[in-house]
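Asker: Position one of the sequence shown corresponds to residue 4 (this note's numbering), numbered consecutively onward. Mind having a look at this structure? Questions to follow.
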Amino acid sequence: MDAKVKPKIAWSQFRRRFTPGFEAILQEGVTAGWYDTTRPLDALVFRWLFIPWLQVEINAYVLRVNNTRKRADHNKVLPHGPPNDIFNSPDRYGCLDFKVKVQPEAFQYVREKFAPSSDPVFELVPPIFAQYAGEAYMQIGKPALNSANIWHVYREVNLLRLPTLMVIAATQIRSRLAPTPY
4 MDAKVKPKIA WSQFRRRFTP GFEAILQEGV TAGWYDTTRP LDALVFRWLF
54 IPWLQVEINA YVLRVNNTRK RADHNKVLPH GPPNDIFNSP DRYGCLDFKV
104 KVQPEAFQYV REKFAPSSDP VFELVPPIFA QYAGEAYMQI GKPALNSANI
154 WHVYREVNLL RLPTLMVIAA TQIRSRLAPT PY
């Protein structure tokens with residue numbers, strides 16, 4: 004039996020259940036002309052807003068799937084129950100625990116050594132842009148993002164608030180760099 008069957012099934016279900024709705028949401032902005040990949044500001048605001056929002060939605064999907072009991076299959080010899088329960092308490096389901104226990108400190112050490120959070124690869128956008136986007140987001144009241152308002156928030160930040168903040172910042176920088184009269 005192919006060792007990748009379960010992950011392939013999980014990925015297939017994710018693609019069938021989760022992805023279509025989110026693809027439709029993303030396509031809405033492209034179709035309406037709100038998002039254009041050739042405009043750098045659009046791409047930066049998109050990354051700054053949509054990637055964290057999608058990650059929260061994906062995490063919620065995974066949590067829901069892993070905490071939901073699967074439909075009973077009497078032909079199956081594996082344990083029946085929510086995957087997280089089976090993982091955390093295999094003895095309750097008549098299973099042996101073959102997990103290799105690793106101390107959390109070991110994971111922390113490896114993360115810090117090989118993937119420090121300060122590494123630029125983890126930046127969705129340049130830090131200065133993140134600062135301005137954060138200010139624009141605060142100006143509109145930091146609304147909780149959801150599928151109903153994500154494009155509205157994107158347009159508010161991208162079209163109304165961010166350009167103004169960036170012009171103000173550029174003016175301030177220019178005034179600091181301007182030569183002083185003798």
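Glycine included, each C-beta is placed from N, C-alpha and C at the ideal position.
From Val160 to Phe49, what distance separates their C-alpha atoms?
Answerer: The alpha-carbon atoms of Val160 and Phe49 are separated by roughly 10 Å.
Asker: Mapping DSSP to helix, strand and coil, what is Ser15?
Answerer: Residue state, collapsed to three classes: helix.
Asker: Is the segment 19 to 33 touching the segment 100 to 107 in the sense that three or more CB pairs, one from each, lie closer than 8 Å?
Answerer: Not touching, per the Cβ criterion.
Asker: Considering only residues of the same chain and omitting the five flanking positions on each side of Leu168, which have a CB-CB separation below 7 Å?
Answerer: Hits under 7 Å: Tyr135, Glu138 and Ala139.
Asker: Decide yes or no for the touch test of the segment 9 to 21 against the segment 119 to 136: beta carbon pairs closer than 8 Å, at least 3 of them.
Answerer: The segment 9 to 21 vs the segment 119 to 136: no contact.
Asker: Tell me whether the beta-carbon of Thr71 lies closer than 7 Å to the beta-carbon of Pro93.
Answerer: No.
Asker: Which residue marks the beginning of the alpha helix (DSSP H) containing Tyr112, and which one marks its end?
Answerer: Here the alpha helix (DSSP H) through Tyr112 covers Pro107 to Phe117.
Asker: If Val128 and Leu47 are in contact, beta carbons under 8 Å, what's the gap, nearest whole angstrom?
Answerer: That belief holds up - the Cβ atoms of Val128 and Leu47 are roughly 5 Å apart, short of 8 Å.
Asker: Within a Cβ cutoff of 8 Å, which residues of the same chain sit near Asp100, ignoring the five residues on either side of it in sequence?
Answerer: Excluding sequence neighbours, Asp100 sits near Pro93 and Asp94.
Asker: Closest to Pro10 by CA distance: which of Trp37, Ser120 and Val65 is it?
Answerer: Measuring from the Cα of Pro10, the nearest candidate turns out to be Val65.
Asker: Could you check if Val156 is buried or exposed, using at least 16 other CB atoms within 10 Å of its CB as the buried criterion?
Answerer: Buried is the call here.
Asker: Threshold first: 4 residues or longer. Then list the alpha helix (DSSP H) segments lying entirely within the segment 9 to 63, N to C.
Answerer: Listed in chain order, they are 22 to 34.
Asker: For Phe53, is the classification buried or exposed, using 16 other Cβ atoms within 10 angstroms of its Cβ as the cut-off for buried?
Answerer: With 16 or more other Cβ atoms within 10 Å, it is buried.
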